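Read the structure below first, then the notes.
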Amino acid sequence: MNAWSALVLLLTAVVQTPAPAKVEIVSVTGCLREQGAGNWMVVAATDPVPSIANQAQGADIPKTPPDGKNSFRLLGVGEFSLPTLRDRTVVVRGLFIKATPVSRLNMTSIVEAVASCASSAPK
284 MNAWSALVLL LTAVVQTPAP AKVEIVSVTG CLREQGAGNW MVVAATDPVP SIANQAQGAD
344 IPKTPPDGKN SFRLLGVGEF SLPTLRDRTV VVRGLFIKAT PVSRLNMTSI VEAVASCASS
404 APK
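Just add 283 to the spot in the sequence shown (first one is 1) and you have our numbering.
Encoded structure:
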């Protein structure tokens, strides 16, 4: 095999290799619950919407708890003081990892929205 053939084979392999799936940064709003030691969840949460990693501010923070139907397991929780936000409505932003049975969010920011949760939020 000459150098030209090797180059063609290499380029063919590069072209045929699919690009890795891009992980979206999203924002969700819901009730922060600790369901078991260190297992932090956002429940009664909104659908994820495309966002930026920065902390939510102003109009991005709702005045009332949403009555969402989603649940998300939170990853990267060690960087945040989640016990101070337990059982409160929060806006979480992070990398969205779609999975079954529960999708996950690798957190980049969290902010309190309301000092309570929707009455429909699971415990």
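Think of the CB as a built atom: it goes at the ideal place given N, C-alpha and C, for glycine as much as any other residue.
This one's a predicted model, so the numbers in the text were calculated from it and none came from an experiment.
Between the alpha carbons of G361 and E395, how many angstroms are there, rounded?
As a position in the sequence shown, residue 361 is number 78, starting the count at 1. As a position in the sequence shown, residue 395 is number 112, starting the count at 1. Approximately 17 angstroms, taken between the alpha carbons.
CB of V311 within 8 angstroms of CB of V325, strictly:
Here residue 311 refers to the residue found at position 28 of the sequence shown. Here residue 325 refers to the residue found at position 42 of the sequence shown. Against a cut-off of 8 angstroms, the Cβ pair of V325 and V311 comes out as a contact.
Cβ separation of L357 and V375, assumed to be a contact under 8 angstroms, to the nearest whole Å
Mapped onto the sequence shown, residue 357 falls at position 74. Mapped onto the sequence shown, residue 375 falls at position 92. Going by Cβ atoms, the distance from L357 to V375 rounds to 7 angstroms, so yes, they are a contact pair.
Can you give, in chain order, each stretch of the beta strand (DSSP E) that sits fully within the region 305-385 and has at least 3 residues?
308-317, 323-328, 353-358, 372-380
Let me check understanding here. Comparing Cα to Cα, which of N337, L315, Q318 lies closest to V309?
Taking the sequence shown and counting its residues from 1, one reaches residue 309 at position 26. Of N337, L315, Q318, the residue nearest in Cα terms is N337.
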